[in-house]
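Visitor: According to our numbering, the sequence shown is numbered sequentially starting from 4.
By construction, the Cβ of each residue, glycine as well, lies at the ideal position given by its N, Cα and C atoms.
This is the structure I have questions about; it appears just below.
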Amino acid sequence: MRAPDWIGKLPVAHRGLHDVLAGRIENTLSAVRAAVDAGFAIEIDVQMSADGKVMVFHDTLLDRLTSEKGRMDARTSIELGGIRVSATSDTIPTLSEVLAAIDGKVPLYIELKHEGPTDWALERAVIADLENYDGPVAAMSFEPSSIAVLRRLAPELPRGIVSEGYHDTAEWSGLNAWQRFYCRHLLHFFSTLPHFIAYKVQDLPAPAPVMLNTVLAMPLLAWTVHTKADVERAKLTGAQMIFEGFRP
4 MRAPDWIGKL
14 PVAHRGLHDV
24 LAGRIENTLS
34 AVRAAVDAGF
44 AIEIDVQMSA
54 DGKVMVFHDT
64 LLDRLTSEKG
74 RMDARTSIEL
84 GGIRVSATSD
94 TIPTLSEVLA
104 AIDGKVPLYI
114 ELKHEGPTDW
124 ALERAVIADL
134 ENYDGPVAAM
144 SFEPSSIAVL
154 RRLAPELPRG
164 IVSEGYHDTA
174 EWSGLNAWQR
184 FYCRHLLHFF
194 STLPHFIAYK
204 VQDLPAPAPV
214 MLNTVLAMPL
224 LAWTVHTKAD
234 VERAKLTGAQ
244 MIFEGFRP
């Protein structure tokens, strides 16, 4: 269960080194290449297209970042590959395209995005895309069941759990008090056996991630670091930062 030495060694560019003023939008090849050139590790988000390809895109809907409307997963990979992101020349890339752009030069953290019930096709597709990739790469998710599936299907692939305080807010209204407690305190640990933890910086220090980092030397990453106060909070808990909006 020991994490590879590269986990948590470099600051992680959240969704690539994106900068709207410079014309680099999150989760695009331009943002990925900029992070590679700067020597940062990279975090990206992935979902499935309608034809079962792994696409690099954060939102469920296309509306925020493109001129298109509706669900991303209702479009094929060919359709998505033709959609420009925020009126730039970048289009929505596949995971395979991102892997080719990075080419093992810097570590990559792939966050698997789920909404609602799943048959774990995304996990299987990510594993398949990584089969011939030799660079440092890890998978992570908010969903403990996703990490448990990755543990079973690809035990050699470094895996991490993404978590936070799971406060009683509208964002987590679909979870009851026990479910929020379970996720907040990483009580799924023995089913997921993560190699690292990515925890919301504003909710650090928190007992479970700090204990695992201190007792088991499990790498701890803090997301998403935007401010000097966030930087200091991450340092206080010994966490590497997943950052955006500045260069550390």
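Which runs of the alpha helix (DSSP H) at least 4 residues long sit entirely within the stretch 62-114? Give them in chain order.
Guide: 80-84, 98-105
Visitor: Could you say which of Met51, Pro110, Asp106, Val101 lies nearest to Glu82 if we only look at CA atoms?
Guide: Met51
Visitor: Fully enclosed by the stretch 5-50, which beta strand (DSSP E) runs are 3 residues long or longer?
Guide: 15-17
Visitor: Taking the straight line between their C-alpha atoms, what separation do you get for Lys108 and Leu32?
Guide: Each residue's alpha carbon lies about 14 Å from the other.
Visitor: Just list the residues that DSSP pairs Trp226 with in beta bridges.
Guide: Lys203
Visitor: Taking buried to mean at least 16 other C-beta atoms within 10 Å of its own C-beta, is Pro210 buried or exposed?
Guide: exposed
Visitor: Enumerated in chain order, which unbroken segments of the beta strand (DSSP E) with a length of 3 residues or greater are wholly contained in the stretch 113-190?
Guide: 140-144, 162-166
Visitor: Determine the burial state of Ser92: buried for a count of at least 16 other Cβ atoms within 10 Å of its Cβ, exposed for fewer.
Guide: exposed
Visitor: DSSP state of Met244, grouped into three classes?
Guide: Of the three classes helix, strand and coil, the one that applies to Met244 here is strand, per DSSP.
Visitor: Using the DSSP secondary-structure output, state which residues sit across from Met58 in a beta bridge.
Guide: Gln50, Thr97
Visitor: With contact counted as at least three CB pairs below 8 Å, one residue from each stretch, are the stretch 88-105 and the stretch 148-160 in contact?
Guide: no
Visitor: Roughly how many angstroms lie between the CA atoms of Asp54 and Ser80, to the nearest whole one?
Guide: When rounded, the distance between both Cα atoms is 7 Å.
Visitor: Give me, in chain order, the residues of the same chain whose beta-carbon lies closer than 6 Å to that of Gly26; leave out the 5 immediate sequence neighbours on both sides.
Guide: Thr91
Visitor: Keeping to the same chain, check which residues put their C-beta closer than 6 Å to that of Pro208; ignore five residues upstream and five downstream.
Guide: Thr240
Visitor: One question on the structure: do Ala44 and Ala16 come within less than 8 Å of each other, judged by their Cβ atoms?
Guide: yes
Visitor: Would you tell me roughly how many angstroms separate the C-alpha atoms of Ala173 and Phe246, rounded to the nearest one?
Guide: 25 Å
Visitor: Whose CA, out of Ala232, Asn216, Gly73, Leu125, lies closest to the CA of Ala242?
Guide: Ranking Ala232, Asn216, Gly73, Leu125 by CA distance to the CA of Ala242 puts Asn216 first.
Visitor: At the level of alpha carbons, what is the spacing between Leu156 and Arg162?
Guide: Straight-line Cα distance between these residues: approximately 12 Å.
Visitor: What residue range does the alpha helix (DSSP H) around Ala237 cover?
Guide: Bounds of the alpha helix (DSSP H) holding Ala237 are 231-239.
Visitor: Let me confirm a value: Lys56 is counted as buried when at least 16 other C-beta atoms fall within 10 Å, else exposed. Which label applies?
Guide: Around the beta carbon of Lys56, 16 or more other beta carbons lie within 10 angstroms, which makes this residue buried.
Visitor: When the Cα atoms are used, what is the spatial distance from Met75 to Arg67?
Guide: Roughly 11 Å between the two C-alpha positions.
Visitor: Is Gly85 buried or exposed, if buried means 16 or more other CB atoms sit within 10 Å of its CB?
Guide: The residue is exposed, with fewer than 16 neighbouring Cβ atoms inside 10 Å.
Visitor: Can you name, in chain order, every residue of its own chain whose Cβ lies under 8 Å from the Cβ of Leu64, other than the five neighbours on each side?
Guide: Lys72, Gly73, Arg74, Met75
Visitor: Are there 16 or more other CB atoms within 10 angstroms of the CB of Ala201, so buried, or fewer, so exposed?
Guide: buried
Visitor: Express the C-alpha separation of Leu178 and Pro110 in angstroms, rounding to a whole number.
Guide: 33 Å
Visitor: Would you kindly work out how many angstroms separate the C-alpha atoms of Gly248 and Gly11, rounded to a whole number?
Guide: 19 Å
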